[in-house]
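Visitor:
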Amino acid sequence: MPTLPRLAFASGVLGFATVLGPAGLPAQVPAARTEAEAVAFYVDAHRREITAELLDFLALPNVAADTENIRRNAARLVEMMEARGIRTRLLETDGPPMVFGELPVPGATRTILFYCHYDGQPTDASRWVGHAPWDPVLRDGNLESSPETFALPAEGPIEDDWRIYGRSASDDKSPIVALLSALDALEAAGLQPTSNLKFLFEGDEEAGSPHLDRLVREHEDLLVADLAVIADGPRHSSGRPTAVFGVRGIVTAEITVYGPTVPLHSGHYGNWAPNPAEALAELLATAQDEDGRVTIAGWYEDVLPLGPADAAALAALPDEEEERRRLGIALPEGGGRSRWEMVTLPSFNVRGMWSAWVGDQARTIVPDRAIASLDFRLVRDIQPRQQVERFVGHVIRQGYHVVSEEPDLATRLGHPKLAKIESTRGYPAVRTPLDDPAARAVVEAVREATGEEPVVIPTHGGSVPGHVFPDYLGATFVLLPIVNPDNNQHSPNENLRLGNLFSGISIFAGVMRMP
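Residue numbering for the sequence shown follows the numbering used here, beginning at 1047 and increasing consecutively.
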């Protein structure tokens, strides 16, 4: 693990500031005209050390169910945070621990809570090109243009367009390193945060955050803050700095449709034994029309119409024609509405289907069952349980008998159309008004830190359990994504463009210094 600076904030004046930098060597930041320039100078001078710390962190496998390794991640986080003078402790749950840190600032009247997660999605190593998921490598660009990998060089420039490939490179370990490096940069410039800072790093967000709700309620006094900044997700596809005022909630479900009790020879039984794969495909097709609008009764019932401020913000978003072409989409769903307009609506998504065998394992059979895994993204005022019940009602209206457990033979014989539906608990959406003073202050801080006009998005398409912060702590919610949009989040060959990491450090330092 790289040697990290130990923080002892000097007075907030720009000028030469000496700290113990990487490898214990003195590091100075010269006088600069602005705070943003001072931070940028530090980042440019320490690109190698910042990148090395992230590479070291990425080498730790971090699937939430891998108890031994997830605790190694938590222990490493404690080391990294305490090296910056952050008062750190583990908040134990029935699963991975949450890592909490606190950095009080004398005289500060605002408290900012930064949230990230340190766990990552499971991996299929066979689909990672040129390296294992937790053996991070560098490429001189994206995989398509620069397939060759290399290790971090000992000298020479570290380029913005280089990319780290590895699980959690973008989601969510790089924002964690960016947050901690922002503290290094401020200390080196002789600046201290203007707000009390708290940090909460979760260890099973990718498993659905099963413990976050209860933990925040139990530790309300410890976590209380005025502003909650979620450092997760990708920037807008334009690449500009991005501030998001809301995220969708999510609930998942799995539906199983039944055929015969065992797979049957398709020659002997085809066209006689009901085929559950065909039945499930027909059933799912009834849930949406050809434009992708969900046809389930009540699906949009609680959606609030867009107000003038939301409509104006959506209209101001950059065009995404280039992204449509990059993704090979001939005609998007939505009947001509933009992707970000569609994000303001609840969604119905088939995230995976399975029945029998395909490819070189295919065989001439009638399957015994077919399964679809679904996710429903939620917007404000739509509750997870509500949406699941609407889906169950839709299935029943299609003539199905619905059960919640594996059916016995009598149940199979009693119902020609039979489906089992199971669902998760999920969590609701969160939205901050576009004119909220604290949120607007964050936008101004991003503008000052980067010198660019941020893209302001009313609601992000992804889901994080951000509702706990306004609901239980009364904190204003803002999401500040820093990673590149083409990062392959949750997929094989996840990656991070280094320029986004370095820019993210400046953004977080600017928020920490908000007036």
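All C-beta atoms, glycine included, are put in the ideal place defined by N, C-alpha and C.
Bear in mind that the values here come from a model prediction, so they are computed numbers and not experimental data.
What's the gap between the Cα of R1339 and the Cα of G1381?
Guide: 9 angstroms
Visitor: Looking at the strands, I want to know which residues DSSP matches up with V1109.
Guide: As DSSP reads the structure, V1109 sits in a beta bridge with G1166.
Visitor: Would you kindly report the start and end of the unbroken alpha helix (DSSP H) that includes K1219?
Guide: 1219 to 1234
Visitor: To the nearest whole angstrom, what separates the beta carbons of V1434 and A1299, a pair I think is in contact under 8 angstroms?
Guide: That belief holds up - the Cβ atoms of V1434 and A1299 are roughly 6 angstroms apart, short of 8 angstroms.
Visitor: Could you tell me the boundaries of the alpha helix (DSSP H) in which F1522 lies?
Guide: Inspection of the sequence shows that residue 1522 is occupied by Thr rather than by Phe. Looking at the DSSP string, T1522 is not in any alpha helix (DSSP H); the run it does join, the beta strand (DSSP E), is 1522 to 1525.
Visitor: Who does S1419 pair with in a DSSP beta bridge?
Guide: E1300, G1398
Visitor: Name the one or two DSSP bridge partners that K1466 has.
Guide: For K1466, which the question treats as bridged, DSSP gives the partners T1302, V1449.
Visitor: Inspect the CB distances between the segment 1082 to 1094 and the segment 1224 to 1232 and report whether three or more fall short of 8 angstroms.
Guide: yes
Visitor: Nearest to A1310 by alpha carbon, out of V1303, T1302, P1320?
Guide: Before going further, note that residue 1310 is Leu rather than Ala in the sequence given. It is P1320 whose Cα lies nearest to the Cα of L1310.
Visitor: Leaving out the 5 sequence neighbours to the left and right, which residues in its chain are closer than 7 angstroms to E1379 when beta-carbon positions are compared?
Guide: Answer for E1379: D1337, G1338, listed in chain order.
Visitor: Only counting the same chain, and skipping five residues up and downstream in sequence, which positions put a Cβ closer than 7 angstroms to that of P1527?
Guide: D1278, G1279, P1280, R1281, T1288, V1290
Visitor: For R1094, collect the residues of the same chain with a Cβ closer than 6 angstroms to its Cβ; drop the 5 residues on either side in sequence, then sort them by chain order.
Guide: I1204
Visitor: Just confirm the distance between the C-beta atoms of P1500 and R1286, as a whole number of angstroms; I'd bet it's less than 8 angstroms.
Guide: 7 angstroms
Visitor: Can you name the start and end residues of the beta strand (DSSP E) that I1210 belongs to?
Guide: 1209 to 1211
Visitor: What are the start and end residues of the alpha helix (DSSP H) that includes G1550?
Guide: Its alpha helix (DSSP H) spans residues 1544 to 1558.
Visitor: Looking at the strands, I want to know which residues DSSP matches up with E1148.
Guide: R1133, K1244
Visitor: Mind listing, in chain order, the continuous alpha helix (DSSP H) runs of no fewer than 4 residues lying wholly within the segment 1075 to 1105?
Guide: 1081 to 1091, 1093 to 1104
Visitor: Can you look up A1197 in the DSSP assignment and give me helix, strand or coil?
Guide: coil
Visitor: Give the list of continuous beta strand (DSSP E) stretches no shorter than 3 residues that lie fully inside the segment 1280 to 1347.
Guide: You should have 1288 to 1290, 1295 to 1304.
Visitor: Around the Cβ of F1103, are there at least 16 other Cβ atoms within 10 angstroms (buried) or fewer (exposed)?
Guide: buried
Visitor: Assuming contact is defined by CB atoms lying nearer than 9 angstroms, are V1502 and V1510 in contact in what I supplied?
Guide: no
Visitor: Apply the 10 Å Cβ neighbour rule to F1548 and answer buried if 16 or more other Cβ atoms are within range, or exposed otherwise.
Guide: buried
Visitor: For the alpha helix (DSSP H) holding A1456, just list the boundary residues, first then last.
Guide: Residues 1455 to 1460.
Visitor: Would you identify the three-state DSSP class for A1120, choosing helix, strand or coil?
Guide: helix
Visitor: Given a cut-off of 9 angstroms on the beta-carbon distance, is the pair D1217 and H1536 in contact?
Guide: yes
Visitor: Tell me, please, which residues DSSP counts as bridged to Y1161.
Guide: L1246, I1276
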